[in-house]
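Please read the structure below before turning to the comments.
Next comes the structure, spelled out in structure tokens:
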């Protein structure tokens, strides 16, 4: 709608109109890309022969779609695409799908064929957990020794 007059405007005015609506155009392109992903996922689910695998992939596809709705929930509410009651149900359904998928999580990860050398994020090595454990222990020891800083809120109460 809003860009329809651009074809009849002088070049500079058409460009200004386009620039005015650039954010909406970018969001429309992103939404179209997400729709193409969902359609490709749906086609792959339909082509799956094994019933159990098709069920898990259906849940995964639904999780993907509902995640997108949840991510853009404000837009769906503002534009009247979802009632507030249905919008509130989206997160609950996402949680139920996650619970259904949990027993299959390792199989889904393994399906990507990632080897340890592919996973380079420091958090995957266990180093981050060790660092957090050490920090937790340090602060517990500090609190137990009585040398921990006094919280400002406790000073204001006095």
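Numbering (my numbering), first residue to last: 1 to 158. Beta carbons: idealized from backbone N, C-alpha and C, even for Gly.
For residue i, is the classification buried or exposed, using 16 other Cβ atoms within 10 angstroms of its Cβ as the cut-off for buried?
{"i": "residue 62", "result": "buried"}
{"i": "residue 3", "result": "exposed"}
{"i": "residue 97", "result": "buried"}
{"i": "residue 57", "result": "buried"}
By Cβ distance, which residues of its chain are closer than 6 Å to residue i, with the 5 residues on each side in sequence left out?
{"i": "residue 28", "result": "none"}
{"i": "residue 84", "result": "none"}
Whose CA, out of the options, lies closest to the CA of residue i?
{"i": "residue 75", "options": "24, 133, 121, 139", "result": "24"}
{"i": "residue 71", "options": "50, 87, 60", "result": "87"}
{"i": "residue 90", "options": "69, 79, 102", "result": "69"}
{"i": "residue 21", "options": "11, 1, 31", "result": "1"}
{"i": "residue 105", "options": "146, 79, 60", "result": "60"}
Excluding sequence positions up to five away, which residues of its chain have a Cβ less than 7 Å from the Cβ of residue i?
{"i": "residue 65", "result": "38"}
{"i": "residue 93", "result": "66"}
Over what stretch of residues does the alpha helix (DSSP H) that includes residue i continue unbroken?
{"i": "residue 145", "result": "127 to 145"}
{"i": "residue 67", "result": "51 to 71"}
{"i": "residue 1", "result": "Premise fails: residue 1 is in no alpha helix (DSSP H) and is neither H nor E."}
Apart from the five residues just before and just after residue i, which ones in its own chain have a Cβ nearer than 8 Å to its Cβ?
{"i": "residue 241", "result": "Outside the shown range of the chain (1 to 158) lies residue 241, about which nothing can therefore be said."}
Between residue i and residue j, is the Cβ-Cβ spacing less than 9 Å?
{"i": "residue 13", "j": "residue 6", "result": "yes"}
{"i": "residue 155", "j": "residue 148", "result": "no"}
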